[in-house]
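Mapping of the sequence shown onto our numbering: position 209 corresponds to residue 700, and the numbering continues sequentially without gaps.
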Amino acid sequence: AFQLQIRSFLCPFRSQQPTVAYRVVFLCLFSVSVVLLDTTSVLGELGWKTYPINGWDAITEMDEHNRPIHTFQVCNVMEPNQNNWLRSNWISRQAAQKIYVELRFTLRDCNSIPWVSGTCKETFNLFYQEMDEAHGVKFKPSQYTKIDTIAADESFTQMDLGDRILKLNTEVREVGPMTKKGFYLAFQDIGACIALVSVRVYYKKCPFTLMNLASFPDTVPRVDSSSLVEVRGACIDHAEERDTPKLFCGADGDWLVPLGRCVCSVGYEEIDGSCVGKSLKLLCFSLKWLNTCSS
492 AFQLQIRSFL CPFRSQQPTV AYRVVFLCLF SVSVVLLDTT SVLGELGWKT YPINGWDAIT
552 EMDEHNRPIH TFQVCNVMEP NQNNWLRSNW ISRQAAQKIY VELRFTLRDC NSIPWVSGTC
612 KETFNLFYQE MDEAHGVKFK PSQYTKIDTI AADESFTQMD LGDRILKLNT EVREVGPMTK
672 KGFYLAFQDI GACIALVSVR VYYKKCPFTL MNLASFPDTV PRVDSSSLVE VRGACIDHAE
732 ERDTPKLFCG ADGDWLVPLG RCVCSVGYEE IDGSCVGKSL KLLCFSLKWL NTCSS
């Protein structure tokens, strides 16, 4: 129940229990993820490219809600010197300075496959290339920058296949700073048995927030995880600065360290995060203009 109270206060920042949430606001306010790509939400064909053609296979199946599930599979474990590439379409980075790439995949245990010693691998490689616009030129792996080698926490065996057990792995990698308008992702197989189930690319931001009678705009964090972005707030209607309202946007998209505040202007009082006009009698009394008020 306490967690729900905090969430109702921070998003959209109105609460029936403002004093409860105010005590925890010094920890952080929830970040927002802006999704740039999610293969599970693409209705049509993805149109990703494979090099060579007989490397990765694109397989589309329908789930129980008749929505397409796009997967890419490769399992050329019997032959040595595999070098199979899968490349995404061009992805706009929007306002991102740093992106997150979330991969969900399954990977076969080489020890469960006979006669593949020395040719079967249990990792694949993730790459990217920044571009200001989509290009149709020939794919050149040498122009791509390696992000990381991806390994599975759990690999599946022939017994798992028989029991229809799906051991799905999730790995997330950060990439930044991003400086061009967009980028491509590429996946290199060097001899593994993989099914790439989904790819999700996103960035984090500190969301528009109201606090201490001030509004703070959407803010994208800096790439440097040790650096905070200082943001000055703007007083809401019928409020004015007492001390300059500030928040700091952290690297993970969390608002931190609130400073200063606004207060309601004369003739208004704070009610549930807003400045509401007082009655005429209260206004007259506060300004000592009683002779102007009707009885």
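Think of the CB as a built atom: it goes at the ideal place given N, C-alpha and C, for glycine as much as any other residue.
Practice prompt. Look up tryptophan 576 in the DSSP assignment and give the residues it is bridged to.
Written response: Tyr542, Gln679
Worksheet item: the ligand COA heavy atoms versus the CB of histidine 556: any closer than 8 angstroms?
Response: Here there are no bound small molecules, and the ligand COA is not part of this structure.
Worksheet item: By how many angstroms is the C-alpha of lysine 672 removed from the C-alpha of aspartate 680?
Response: 27 angstroms
Practice prompt. Would you mind working out which of Val607, Ile582, Cys611, Ile641 sits nearest glutamate 621, comparing C-alpha positions?
Written response: Ile582
Worksheet item: Tell me which same chain residues have a C-beta within less than 6 angstroms of the C-beta of valine 592, skipping the five on either side of it?
Response: Arg664, Val692
Practice prompt. Starting from the Cα of threonine 661, find the closest Cα among Pro668, Ser646, Thr670 and give me that residue.
Written response: Ser646
Discussion item. Given a cut-off of 9 angstroms on the beta-carbon distance, is the pair leucine 676 and arginine 578 in contact?
Written reply: yes
Worksheet item: Should the stretch 545-554 be regarded as contacting the stretch 604-616, the criterion being three or more beta carbon pairs within less than 8 angstroms?
Response: no
Worksheet entry | Enclosing beta strand (DSSP E) for glutamate 732 [first to last residue] | 730-740
Item to complete: Tell me whether leucine 781 is buried or exposed, calling it buried when 16 or more other Cβ atoms sit within 10 Å of its Cβ.
Response: Confidence at leucine 781 is low in this model, with a pLDDT of 48, below 50, so its placement is unreliable and no value can be given for it.
Worksheet entry | cysteine 601 - DSSP class collapsed to helix/strand/coil | helix
Practice prompt. Report the rounded CA-to-CA distance for leucine 719 versus cysteine 684, giving the unit in angstroms.
Written response: 42 angstroms
Discussion item. Taking the alpha-carbon of proline 543 as reference, which of Ser524, Val565, Lys637, Asn580 has the nearest alpha-carbon?
Written reply: Val565
Worksheet entry | Stretch-stretch touch, CB-based, cutoff 8 angstroms, three pairs: the stretch 735-754 with the stretch 695-702 | yes
Worksheet item: From what residue to what residue does the beta strand (DSSP E) around tyrosine 619 run?
Response: 614-622
Discussion item. Taking the alpha-carbon of glutamate 536 as reference, which of Cys753, Ser524, Glu552 has the nearest alpha-carbon?
Written reply: Glu552
Worksheet item: Can you name the residues that DSSP bridges to tyrosine 759?
Response: Gly768
Worksheet item: How far does the beta strand (DSSP E) with glutamate 645 in it reach, from first residue to last?
Response: Unbroken run through glutamate 645: none, as it is neither H nor E.
Practice prompt. Below 8 angstroms on the Cβ atoms is my guess for tyrosine 759 versus cysteine 753; work out the distance and round it to an integer in Å.
Written response: With a Cβ gap of about 11 angstroms, tyrosine 759 and cysteine 753 do not count as contacting.
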